[in-house]
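Residue numbers for the sequence shown follow numbering that gives the first Met the number 0, so the first one is 0 and each next one is one higher. For each residue, glycine too, the CB sits at the ideal point set by N, CA and C. Down below is the structure, laid out as structure tokens.
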Amino acid sequence: MAITRRYDLNLVNDHVIFYADGNTFLLDTGSPICIGEANAFDFMGETHLINMNNVMGKSIDSVGDFIGHPVDILMGLSVICKYGLHIDWNNATITFSKGEPDLPDDAVGILLCSTKFSVPKITAEINGTEGDIFVDTGAPIAYVQEQLRDGEVIEGVTKTDFSPMYPTTWDTDLTDSSISVHIENIISFTIPVQMGVLPTMLEVLMLKGSGVIAVVGGDLLKYFKYVAFDWEDCIMYVGMP
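Rendered as structure tokens:
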């Protein structure tokens with residue numbers, strides 16, 4: 000029988016934040032590691048190591064300052080992938096499980112084209128181009144390779160973003176786009192997404208260097224009734240809206 004624990008989410012500017020065992024966590028499936036000031040933390044009845052205290056000189060406090068909410072620990076895949084994960088954006092809950100998680104009967108499985116402890120990827124089509132995209136809960140803004148961006152820039156809509164791997168914040172315009180996923184003989188769906196463009200250095204490092212065409216986070220989590228991950232079998236389960 001699976002051991003499960005459910006926590007309330009505090010969705011701050013489309014960042015996934017929750018409280019557990021005396022700590023405020025930022026959930027980030029786009030990060031392979033955990034970042035925080037301490038050397039370790041307790042979660043789900045186990046003690047986990049914190050891999051780094053800062054990235055490129057940026058501490059966890061600077062992450063909290065940018066998103067507008069204090070954060071003790073950025074929880075990355077080194078811990079996330081030890082547990083089943085179920086995110087219900089609309090009801091603002093997150094559930095972790097040890098052992099096989101219970102899934103609703105309507106769950107649709109999408110095979111991840113990634114391995115355990117690596118950033119989850121699914122195959123999808125964006126603006127007529129098929130490729131792999133990162134599913135990054137730490138990404139409040141969706142990004143596509145600049146050469147693939149299509150459509151008119153949304154007038155008056157500019158977003159500011161931040162990454163510990165980049166020296167400054169940046170601004171990006173957004174365009175209306177969509178992500179289409181086709182699972183042969185099972186289901187097809189299209190998610191409306193507003194997409195920006197990363198600074199050139201980050202696009203090369205995060206997208207082109209990783210062989211992916213885009214990264215999406217909050218838009219995907221908000222579209223489905225729930226999103227769940229089975230890391231052992233490399234499947235992402237979704238509840239269709």
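Secondary structure of V78 (DSSP, three-state): helix. By alpha-carbon distance to V215, the top candidate from A123, N38, V54 and T46 is A123. Under the 8 Å Cβ criterion, the stretch 115-132 counts as touching the stretch 208-226, having at least three qualifying pairs. Three or more Cβ pairs closer than 8 Å define a contact, and the stretch 224-237 falls short of that threshold against the stretch 144-160.
By the CB criterion at 8 Å, V70 and I16 fall inside the cutoff. I178 places its beta carbon less than 8 Å from that of I125. By the criterion of a C-beta distance shorter than 7 Å, F161 is surrounded in its chain by F65 and T168, once the five residues flanking it on both sides are discounted. Rounded to the nearest angstrom, the Cβ distance from I234 to L110 is 6 Å, consistent with a contact under 8 Å. In the three-state reduction of the DSSP assignment, G35 falls in the strand class. Proximity of the stretch 77-90 to the stretch 32-51 meets the contact definition, three or more beta-carbon pairs being nearer than 8 Å.
In the DSSP assignment, L84 falls within the beta strand (DSSP E) that extends over G83 to D87.
The three-state secondary structure of I182, taken from DSSP, is strand. The Cβ-Cβ distance between G83 and S96 falls below 8 Å. Contact between D27 and T136 holds, with the beta-carbon distance rounding to 6 Å and staying under 8 Å. The beta carbons of D7 and A91 sit closer together than 8 Å. Between F188 and V180, the gap from beta carbon to beta carbon is short of 8 Å. Q144 sits close to L206, with the two beta carbons spaced by under 8 Å. L219 and D131 have their C-alpha atoms roughly 15 Å apart. Residue environment: M74 is assigned as buried (16 or more neighbouring CB atoms within 10 Å of its CB, all protein chains considered). Per DSSP, the unbroken alpha helix (DSSP H) holding K221 starts and ends at G217 to Y222. Contact annotation: N22 and G67 have beta-carbon atoms that are not nearer than 8 Å.
At a cut-off of 3 residues, the continuous stretches assigned as beta strand (DSSP E) that sit fully inside the stretch 134-189 are 141-143, 152-160 and 169-182. Within 10 angstroms of the beta-carbon of R5 lie fewer than 16 other beta-carbons, which makes it exposed. Short of 8 Å from the beta carbon of P31, and not among the five residues preceding or following it, lie these beta carbons of its own chain, in chain order: G75, L76, S77, F116, S117 and V118.
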